[in-house]
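The structure under discussion appears below in the form of structure tokens.
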Amino acid sequence: MARQPQRPVGPVVDPLPPGSRPDLRPLHGLWVRLEPVSAERHAGELWRSFSESDPEGAVWTYLGYGPWPTPEAFTDWLRAREADRDPWFYAFVPRASGVACGMGAFMRCDAANGVIEIGHIWMAPSLQKTREATEAIFLMIRHVFDDLGARRLEWKCDALNAPSRRAALRFGFAFEGIFRQHMIVKGRNRDTAWFAMLDKDWPRVRAGFERWLRPENFDEQGRQKAKLQVA
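Residue numbers (this note's numbering): 84 to 314.
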């Protein structure tokens with residue numbers, strides 16, 4: 084007689100609610116705000132932010148696009164991103180300058196299972212390693228868990244991208260492994276490093292970010308006094 088398949092063993096719980104899809108609302112922090120990307124509003128600022136300080140285009144090494152030959156070509160690309168829905172693109176705008184100098188996106192939304200990814204993250208040299216840069220990521224994570232009700236947030240990057248992998252760990256994501264030959268990027272194989280954060284991790288991670296982002300944790304030049312601790 085054929086054996087009956089075993090039933091899953093685990094606690095009986097009420098069905099989990101689904102997550103929500105991004106709606107491009109602005110996201111506001113102490114040091115930076117995230118605005119839905121607009122070619123008219125942001126193209127010139129973003130172009131200058133990387134073309135003047137990163138003429139070799141190092142920021143695009145691990146991304147599937149860039150650099151662009153002209154401001155017009157970049158504006159056309161950005162206009163297409165403005166129209167995208169999954170990914171949903173944001174510009175990073177430090178409050179002190181009011182000038183956009185980075186981008187990020189919510190992507191691969193599986194609202195029925197409460198899963199989403201943040202990606203397409205790049206920052207001009209002027210934004211890198213600043214409190215504004217860290218707060219931009221915090222605002223994205225907070226939006227995912229507090230507003231969209233996600234159960235799982237993913238972070239993926241080229242396995243060769245050591246700075247992105249360090250950032251994921253610093254921000255509280257757990258390393259889950261390498262997907263070998265996951266895709267082809269700019270004509271070469273890309274192995275992808277996978278990281279994730281779960282909703283049960285978020286209260287601890289949020290408390291660490293909020294402690295770090297307090298104004299008293301920075302000197303007059305905006306340098307941190309204590310390191311970010313989310314573990």
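The C-beta atom is built at its ideal place from N, Cα and C for all residues, glycine as well.
Burial state of residue i (16 or more Cβ within 10 Å)
{"i": "Arg306", "result": "exposed"}
{"i": "Glu225", "result": "The residue you asked about is not Glu; residue 225 is Arg in the sequence shown. Buried."}
{"i": "Ile201", "result": "buried"}
{"i": "Thr153", "result": "exposed"}
{"i": "Met206", "result": "buried"}
{"i": "Phe256", "result": "buried"}
{"i": "Pro109", "result": "exposed"}
{"i": "Pro105", "result": "buried"}
{"i": "His203", "result": "buried"}
{"i": "Val95", "result": "In this prediction, Val95 has a pLDDT of 48, which is less than 50 and means its spatial position is unreliable; nothing more can be read from the coordinates."}
{"i": "Leu181", "result": "Leu is not the amino acid found at residue 181; the sequence shown has Gly there. Label assigned to Gly181: exposed."}
Check: residue i C-beta below 7 Å from any heavy atom of the ligand NAP
{"i": "Ala179", "result": "The ligand NAP is absent from the structure shown, which contains no ligand whatsoever."}
As assigned by DSSP and simplified to three states, the class of residue i
{"i": "Phe256", "result": "coil"}
{"i": "Glu139", "result": "coil"}
{"i": "Val95", "result": "Bear in mind that a pLDDT of 48 at Val95, under 50, signals an unreliable position, so the model cannot answer this."}
{"i": "Arg214", "result": "helix"}
{"i": "Leu129", "result": "helix"}
{"i": "Arg104", "result": "coil"}
{"i": "Arg124", "result": "helix"}
{"i": "Gln312", "result": "coil"}
Residues that residue i bridges to, as DSSP identifies them
{"i": "Met223", "result": "None, per the DSSP bridge assignment."}
{"i": "Leu110", "result": "Leu117"}
{"i": "Gln307", "result": "Phe301"}
{"i": "Asp241", "result": "Thr275"}
{"i": "Leu236", "result": "Ile199, Met280"}
Exercise. Give, in chain order, every unbroken run of the alpha helix (DSSP H) that is at least 4 residues long and sits entirely within the stretch 143-202.
Key: 154-166, all fully within the stretch 143-202.
Quiz item: Is there contact between the stretch 112-129 and the stretch 170-178, where contact requires at least three CB pairs shorter than 8 Å?
Solution: These segments touch.
Quiz prompt | At least three beta-carbon pairs within less than 8 Å, the stretch 226-241 to the stretch 132-142 | solution = No: the two stretches stay apart, fewer than three of their Cβ pairs being nearer than 8 Å.
Quiz item: So, do the stretch 237-247 and the stretch 296-306 have three or more beta carbon pairs nearer to each other than 8 Å?
Solution: Contact between the stretch 237-247 and the stretch 296-306 is absent, because fewer than three Cβ pairs lie under 8 Å.
Quiz item: Is the stretch 209-228 close to the stretch 178-189, with three or more CB pairs under 8 Å?
Solution: Cβ pair count under 8 Å is three or more, so yes.
Quiz prompt | Start-end ranges of the alpha helix (DSSP H) lying completely within the stretch 246-302, minimum 4 residues | solution = Entirely contained in the stretch 246-302, the alpha helix (DSSP H) runs reaching 4 residues are, in chain order, 285-295.
Self-check item: the stretch 233-242 / the stretch 272-286 touching (three or more Cβ pairs under 8 Å)
Solution: Of all C-beta pairs linking the stretch 233-242 to the stretch 272-286, three or more are shorter than 8 Å, placing the two stretches in contact.
Quiz prompt | Three-pair Cβ contact test at 8 Å for the stretch 208-222 versus the stretch 153-165 | solution = No, the stretch 208-222 is not in contact with the stretch 153-165.
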